[in-house]
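Q: Chains as they are written, first to last, in this note's numbering: chain A, 22 to 269; chain B, 112 to 695.
Take this structure first; my questions come after.
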Amino acid sequence: MIDVSGYTKLYGDTVAVQSLSFQVAPGDVLGLVGPNGAGKTTTLRALAGILQPTSGCIAVDGIDLQRDPVAAKARLAFIPDEPQLFDYLTVTEHLQFVARLYGVPDAAPQIPLLLEELELSGKRDALPPELSRGMKQKLAIACGLLHRPAALLLDEPLTGLDPVGIRRMKETITARAREGTAVILSSHLLHLVEELCTRLLVIRRGQMVALGTIADIVAERPELAGRTLEEIFIALTGDTASTDLSAA
Amino acid sequence: MIDGRQRHPAPAAALLFLYARSFVNRARSQAARIRSPRYIVAVVLGVLYLYWALFRNTQANGPSLTQLLRADTTVVLVSTLVLLSSARWWLFGADRSVLAFTPSEVQFLFPAPISRRGLVHTKLLRMQLAIFVNTIVFSVIFRGNAGELATWERALGWWLLFSTLSMHRVGASIVRASAVEHGRAGWRRVLVPGIIFAGLVGAVVFGIVTAIPDLRDAGDGGIAVVMRTLTDALQSPIPAAALFPVRLLIDPIVRAGTPAWSVALLWGTLIALGHYLWLVRLDSAFEEAALEATQHRAARLERFRASQMGQARSRKGTLVAVPALALHGRPEVAIAWKNVAAALRGGAWKTQLITFVVGLTALALITRQASPRAGDAFMGVAIGWGAMLLFIGPLWMRFDLRLDLPRLAVLKTYPLDGWRIVAAEIAAVTVLHSITIWALLLVPVVMFLQDPGLLVQSGATVPMLVSVMVGVPAFNALMFTIQNGTALLFPAWVRLGTESRGFETMGQNLLTTAATTLVAAVALVFPVGAGALVLWLANDWGGWSVLAATTLAATIIAVELWPVLRWLGTVFEQTDVNEVAAAP
Numbered sequence: 022m023i024d025v026s027g028y029t030k031l032y033g034d035t036v037a038v039q040s041l042s043f044q045v046a047p048g049d050v051l052g053l054v055g056p057n058g059a060g061k062t063t064t065l066r067a068l069a070g071i072l073q074p075t076s077g078c079i080a081v082d083g084i085d086l087q088r089d090p091v092a093a094k095a096r097l098a099f100i101p102d103e104p105q106l107f108d109y110l111t112v113t114e115h116l117q118f119v120a121r122l123y124g125v126p127d128a129a130p131q132i133p134l135l136l137e138e139l140e141l142s143g144k145r146d147a148l149p150p151e152l153s154r155g156m157k158q159k160l161a162i163a164c165g166l167l168h169r170p171a172a173l174l175l176d177e178p179l180t181g182l183d184p185v186g187i188r189r190m191k192e193t194i195t196a197r198a199r200e201g202t203a204v205i206l207s208s209h210l211l212h213l214v215e216e217l218c219t220r221l222l223v224i225r226r227g228q229m230v231a232l233g234t235i236a237d238i239v240a241e242r243p244e245l246a247g248r249t250l251e252e253i254f255i256a257l258t259g260d261t262a263s264t265d266l267s268a269a
Numbered sequence: 112m113i114d115g116r117q118r119h120p121a122p123a124a125a126l127l128f129l130y131a132r133s134f135v136n137r138a139r140s141q142a143a144r145i146r147s148p149r150y151i152v153a154v155v156l157g158v159l160y161l162y163w164a165l166f167r168n169t170q171a172n173g174p175s176l177t178q179l180l181r182a183d184t185t186v187v188l189v190s191t192l193v194l195l196s197s198a199r200w201w202l203f204g205a206d207r208s209v210l211a212f213t214p215s216e217v218q219f220l221f222p223a224p225i226s227r228r229g230l231v232h233t234k235l236l237r238m239q240l241a242i243f244v245n246t247i248v249f250s251v252i253f254r255g256n257a258g259e260l261a262t263w264e265r266a267l268g269w270w271l272l273f274s275t276l277s278m279h280r281v282g283a284s285i286v287r288a289s290a291v292e293h294g295r296a297g298w299r300r301v302l303v304p305g306i307i308f309a310g311l312v313g314a315v316v317f318g319i320v321t322a323i324p325d326l327r328d329a330g331d332g333g334i335a336v337v338m339r340t341l342t343d344a345l346q347s348p349i350p351a352a353a354l355f356p357v358r359l360l361i362d363p364i365v366r367a368g369t370p371a372w373s374v375a376l377l378w379g380t381l382i383a384l385g386h387y388l389w390l391v392r393l394d395s396a397f398e399e400a401a402l403e404a405t406q407h408r409a410a411r412l413e414r415f416r417a418s419q420m421g422q423a424r425s426r427k428g429t430l431v432a433v434p435a436l437a438l439h440g441r442p443e444v445a446i447a448w449k450n451v452a453a454a455l456r457g458g459a460w461k462t463q464l465i466t467f468v469v470g471l472t473a474l475a476l477i478t479r480q481a482s483p484r485a486g487d488a489f490m491g492v493a494i495g496w497g498a499m500l501l502f503i504g505p506l507w508m509r510f511d512l513r514l515d516l517p518r519l520a521v522l523k524t525y526p527l528d529g530w531r532i533v534a535a536e537i538a539a540v541t542v543l544h545s546i547t548i549w550a551l552l553l554v555p556v557v558m559f560l561q562d563p564g565l566l567v568q569s570g571a572t573v574p575m576l577v578s579v580m581v582g583v584p585a586f587n588a589l590m591f592t593i594q595n596g597t598a599l600l601f602p603a604w605v606r607l608g609t610e611s612r613g614f615e616t617m618g619q620n621l622l623t624t625a626a627t628t629l630v631a632a633v634a635l636v637f638p639v640g641a642g643a644l645v646l647w648l649a650n651d652w653g654g655w656s657v658l659a660a661t662t663l664a665a666t667i668i669a670v671e672l673w674p675v676l677r678w679l680g681t682v683f684e685q686t687d688v689n690e691v692a693a694a695p
């Protein structure tokens, strides 16, 4: 569903991401983790067609994102960490806007269902400045789900949500994955990653340091056996000193 | 605990460090953007223009503007305006924001061991940035004749005027803030300057009131005679005495000849120095007022951001209605619809249009009924409004890419080609602004309805009106494309989103406006030339040939815009979101 091959992004002489290759199959939930500045958001933005790769190839549902960006984007949804909403459109109007933009055939019955699912029904006529941070996040996610994307890219999706909202959001993500959506999820909340993701992609300084299930990663690095995900994360992404410290 | 005697606070050095580093870092981040070739080209052109305007172009275009600046009418009216502004600060209070600091300044400076005088100096230092930029801009606009006054001499005059006015404004605000804080005792401090300024304003009003009969007679002679009479009235002894201190400040800008300028500068400097000494010796507590002003500004900004000018909902909380969007159809329409919603809710476009239409209709009715001459005069005013709206409207109406570029990351995920997104962004504002200008056509229509004979007499009017209907959308499309193109090409230099960049960018805005006007002029060469050719060939400058010429010109504009939109689409697709996000 999502096929990344040799993706590299340079800013001048600075390497943001280097030679990243991985695949995400339908129903797969890939957790993208790494320390601040590792290149997670840059990677997600490239997958969403927002940033042009310096080199490499990205395909969504078999469509090359560089060659046919419009067709590829029609199959994608990207939900950024900071909800980017239009201040003058109500909650419902946001969904109507997205429906027209993506040509959703059954938008009229879908919109109320989605509002209900994300607990936004009571705010259907509210403008974004009248919403809390969590509500804005839910609206951004609703907009991303409306056109039933084949690939769902989520950057820190649970930021600003209350515990009930977090639970509901986890259910929404797993439900979409069950329906066959390929999901990539970037988060610092390792317990969430552990709970939701079928595989992990750990990057550090723009380079992949591990890819696979936790069992796969431990199999490649036997010294990590019996560690928590947090300890594994620190061991994989920290410098030598912190790795030694966590191992101690 | 650290021994207090070991501490050596150096607030002045810290403040200098703060502003120097901020300036350097800001310049560095601006320079980092200039790595892009298009910014390099724009900077080089801008620097060359400034150099030419300030140091080389001392003759070209000088006489007309210099004459305008030095005309008695200009000097007297500007003096009056400056006096009235200053009086307003004392009598009604200055804008509280003049005392405001940035939230980070409040956080770091207010609890720090900095004296009140130090805070006042901080305020003055910060104001100099805006004053410096405005001095350059006004010096460029009113660059003069080198034989009489060098550009740098006039620039010094502008700097002195702006600095003195700023200090006066801050001083008035501090004294008024102190008055509020100290009750009756504080108000006594405001009493003396209040009485003085009330007296000065009274003197000016006296001069105008005594001249009312002359002004009434002058009304028949046209606007030039009215202005002359008004100037004479304000030059009579009593108002002239009231305006004298302001004239002293303005003299360094208008006084011809270097020796006379030196004397004028000396007087101006003395006034500025007096203001400075007065300001730094003020012992009024203003921290609380400054803090309140800062919070007030922050709250206002928050309200502005939150409610988007507070116009999206009525006082009862009803949301401003927007046309329904069909859920199926061309996706570009959704983007245009979104911008229409923004104009209706954020800009109260419909309310403004209705007010405009009602006002125009009423004025057309009243003036035509008063006298045909008054009707003609109002027609002239309406044409002037139309021309002004054509040029200034695209600067004001920003419900397009200029509003949306801060969300570039989201726009780029849309399954649409870049040029389609750009075109859709421009389409809505083009249509809405065209409707606004079309509303001006109500003026002649109302007059025709009042006097149908007029329609028969003015054979050229109907073709002209139809031509306006045809030409306005094409012209608006061109102007909005230029504005949006500028935002796309130079996102770091254009105000994006709803936030105001403040006073200090006034000069930058003026320069970008001048640049976009130049581009529009170039783009209009072929359309206007072709239209004029049609009229010349038909030898009919007032009939239906005008419509043919306008249609041809509009078509050429459309032909010009097509490749430009495709190119801007490519620019949109290639624009790095970080470049836009990094814009201050």
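In this text, a Cβ means the ideal position worked out from N, Cα and C, and glycines have one as well.
On a predicted model such as this, the values are computed, not experimentally measured, just so you know.
Under 8 Å, Cβ to Cβ, is there at least one residue of chain A near residue 539(B)?
A: The residue you call residue 539(B) lines up with position 428 of the second sequence. So, not an interface residue.
Q: Got a sec: is the Cβ-Cβ distance from residue 206(A) to anything in chain B below 8 Å?
A: Locating residue 206(A) in the first sequence gives position 185, where the first residue counts as 1. For residue 206(A), the answer is no, since every Cβ of chain B falls outside 8 Å of its Cβ.
Q: Applying a beta-carbon distance threshold of less than 8 Å, which residues of chain C neighbour residue 442(B)?
A: No chain C appears in the structure shown, which is made up of the protein chains A and B.
Q: For residue 590(B), is the classification buried or exposed, using 16 other Cβ atoms within 10 angstroms of its Cβ as the cut-off for buried?
A: Along the second sequence, one-based indexing puts residue 590(B) at 479. It is buried - the Cβ of residue 590(B) has at least 16 other Cβ atoms within 10 Å.
Q: Determine contact between the segment 530 to 540 of chain B and the segment 445 to 462 of chain B, defined as no fewer than three beta-carbon pairs at a distance below 8 Å.
A: Touching, yes, given that three or more Cβ pairs across the two stretches are closer than 8 Å.
Q: In the DSSP assignment, the alpha helix (DSSP H) including residue 185(B) goes from what residue to what residue?
A: Along the second sequence, one-based indexing puts residue 185(B) at 74. Its alpha helix (DSSP H) spans residues 183 to 202.
Q: Under 7 Å between beta-carbons, which chain B residues line up against residue 239(A)? List them in chain order, please.
A: Within the first sequence, residue 239(A) is the residue found at index 218, counting from 1. By Cβ distance, chain B contributes nothing, its closest Cβ being about 36 Å from residue 239(A), past 7 Å.
Q: For the alpha helix (DSSP H) that contains residue 387(B), what are its first and last residues?
A: On the second sequence, residue 387(B) is found 276 positions in, with the first residue counted as 1. Note, residue 387(B): alpha helix (DSSP H), 369 to 392.
Q: Helix or strand or just coil, what does DSSP make of residue 63(A)?
A: Numbered from its first residue, the first sequence carries residue 63(A) at position 42. Reduced to three states, the DSSP call for residue 63(A) is helix.
Q: Using a threshold of 8 Å, state whether the C-beta atoms of residue 98(A) and residue 170(A) are closer than that.
A: Here residue 98(A) refers to the residue found at position 77 of the first sequence. Here residue 170(A) refers to the residue found at position 149 of the first sequence. In this structure, residue 170(A) lies closer than 8 Å to residue 98(A) by Cβ.
Q: Tell me, to the nearest whole angstrom, how far the beta carbon of residue 109(A) is from that of residue 456(B); I am working on the premise that it is less than 8 Å.
A: As a first step, residue 109(A) is located in the first sequence; it is residue number 88 there, counting from the start. As a first step, residue 456(B) is located in the second sequence; it is residue number 345 there, counting from the start. Confirmed, Cβ separation roughly 4 Å.
Q: Does any CB atom of chain A fall closer than 8 Å to the CB of residue 634(B)?
A: Taking the first residue of the second sequence as 1, we reach residue 634(B) at position 523. No, no contact with chain A.
Q: Looking at C-alpha atoms only, which residue of 226(A), 202(A), 251(A) and 36(A) is the closest neighbour of residue 175(A)?
A: Within the first sequence, the letter at position 154 stands for residue 175(A). Of 226(A), 202(A), 251(A) and 36(A), the residue nearest in Cα terms is 202(A).
Q: Could you say which of 199(A), 248(A) and 232(A) lies nearest to residue 49(A) if we only look at CA atoms?
A: For the purposes of this step, residue 49(A) is taken as the residue at position 28 of the first sequence. It is 199(A).
Q: Roughly how many whole angstroms lie between the Cα atoms of residue 134(A) and residue 144(A)?
A: In the first sequence, counting from the first residue as 1, residue 134(A) sits at position 113. In the first sequence, counting from the first residue as 1, residue 144(A) sits at position 123. Those two C-alpha atoms are separated by around 14 Å.
Q: Please list, in chain order, all residues of the same chain as residue 86(B) whose beta carbon is under 6 Å from its beta carbon, the five residues on each side excluded.
A: The structure shown does not extend to residue 86(B), since chain B spans only 112 to 695, so no value can be given for it.
Q: Kindly list the residues whose CB is nearer than 6 Å to the CB of residue 519(B), restricted to its own chain and excluding five residues on each side of it in sequence; keep chain order.
A: The residue labelled residue 519(B) in the question sits at position 408 within the second sequence. Closer than 6 Å at Cβ, skipping near neighbours: 688 and 691.
Q: Quick check: the Cα distance between residue 351(B) and residue 401(B), rounded to an integer number of angstroms?
A: Here the question's residue 351(B) lines up with position 240 in the second sequence. Here the question's residue 401(B) lines up with position 290 in the second sequence. Each residue's alpha carbon lies about 36 Å from the other.
Q: Is residue 143(A) helix, strand or coil when you go by DSSP?
A: The residue labelled residue 143(A) in the question sits at position 122 within the first sequence. Helix.
Q: Use the C-beta contact count for residue 588(B): other C-beta atoms within 10 angstroms, 16 or more gives buried, fewer gives exposed.
A: By one-based count along the second sequence, residue 588(B) stands at place 477. Buried, since its Cβ has 16 or more Cβ neighbours within 10 Å.
Q: Could you give the uninterrupted runs of the alpha helix (DSSP H) lying entirely in the segment 238 to 277 of chain B, keeping only those of 4 residues or more?
A: You should have found no qualifying run.
Q: Report yes if the C-beta distance between residue 224(A) and residue 68(A) is below 8 Å; otherwise report no.
A: To locate residue 224(A), count along the first sequence from 1; it is residue 203. To locate residue 68(A), count along the first sequence from 1; it is residue 47. No, they are not a contact pair.
Q: Note the first and the last residue of the continuous beta strand (DSSP E) segment covering residue 80(A).
A: Here residue 80(A) corresponds to residue number 59 of the first sequence, with the count starting at 1. Here the beta strand (DSSP E) through residue 80(A) covers 76 to 81.
Q: Can you confirm whether residue 109(A), when its beta carbon is compared against all beta carbons of chain B, has any partner nearer than 8 Å?
A: For the purposes of this step, residue 109(A) is taken as the residue at position 88 of the first sequence. Chain B contact via Cβ: present.
Q: Assuming residue 193(A) and residue 138(A) make a contact with CB atoms under 8 Å, what is their CB distance in whole Å?
A: Here residue 193(A) is taken as the residue at index 172 of the first sequence, counted from 1. Here residue 138(A) is taken as the residue at index 117 of the first sequence, counted from 1. Contact flag correct, Cβ pair sits at about 7 Å.
Q: Out of 123(A), 118(A), 105(A) and 166(A), state which residue places its alpha-carbon closest to the alpha-carbon of residue 154(A).
A: On the first sequence, position 133 is the one that residue 154(A) refers to. Answer by Cα proximity: 105(A).
Q: Check whether chain A comes within 8 Å of residue 438(B), counting only Cβ atoms and requiring the distance to be less than that.
A: Residue 438(B) sits at position 327 when you count from the first residue of the second sequence. Cβ-Cβ to chain A under 8 Å: yes for residue 438(B).
Q: Evaluate residue 439(B) with the Cβ neighbour count: other Cβ atoms within 10 Å of its Cβ, from every protein chain shown; 16 or more gives buried, anything less gives exposed.
A: Within the second sequence, the letter at position 328 stands for residue 439(B). Exposed, by the Cβ-count rule.
Q: Quick check: the segment 675 to 684 of chain B against the segment 636 to 650 of chain B, are at least 3 beta-carbon pairs closer than 8 Å?
A: In short, these stretches do not touch, since the Cβ pair count stays below three.
Q: I'd like to check one pair, residue 210(B) with residue 284(B): are the Cβ atoms closer than 8 Å?
A: Locating residue 284(B) in the second sequence gives position 173, counting from the first residue. Locating residue 210(B) in the second sequence gives position 99, counting from the first residue. Contact flag set, yes.
Q: So, is residue 265(A) buried or exposed, given that buried needs 16 or more other C-beta atoms within 10 angstroms?
A: Walking along the first sequence from the start, residue 265(A) turns up at place 244. Reliability of the predicted coordinates at residue 265(A) is poor, the pLDDT of 40 falling under 50, and the value obtained from them is presented with this limitation in mind. Under this definition residue 265(A) is an exposed residue.
Q: Would you call the CB atoms of residue 89(A) and residue 78(A) closer than 8 Å?
A: Position 68 of the first sequence holds residue 89(A). Position 57 of the first sequence holds residue 78(A). No, these two residues do not count as a Cβ contact at 8 Å.
Q: Beta-carbon within less than 7 Å of residue 529(B)'s beta-carbon, same chain only, minus the 5 sequence neighbours each way: which residues are those?
A: The residue labelled residue 529(B) in the question sits at position 418 within the second sequence. Excluding sequence neighbours, residue 529(B) sits near 680, 681, 683 and 684.
Q: Could you name the residues of the same chain whose beta carbon sits closer than 6 Å to that of residue 132(A), not counting the 5 residues immediately before and after it, in chain order?
A: In the first sequence, the residue the question calls residue 132(A) occupies position 111. The answer, listed in chain order, is 116.
Q: What are the boundary residues of the beta strand (DSSP E) that residue 173(A) is part of?
A: By 1-based counting over the first sequence, the position of residue 173(A) is 152. From DSSP, the beta strand (DSSP E) with residue 173(A) extends over 172 to 176.
Q: Looking at the strands, I want to know which residues DSSP matches up with residue 85(A).
A: Here residue 85(A) refers to the residue found at position 64 of the first sequence. Partner(s): 80(A).
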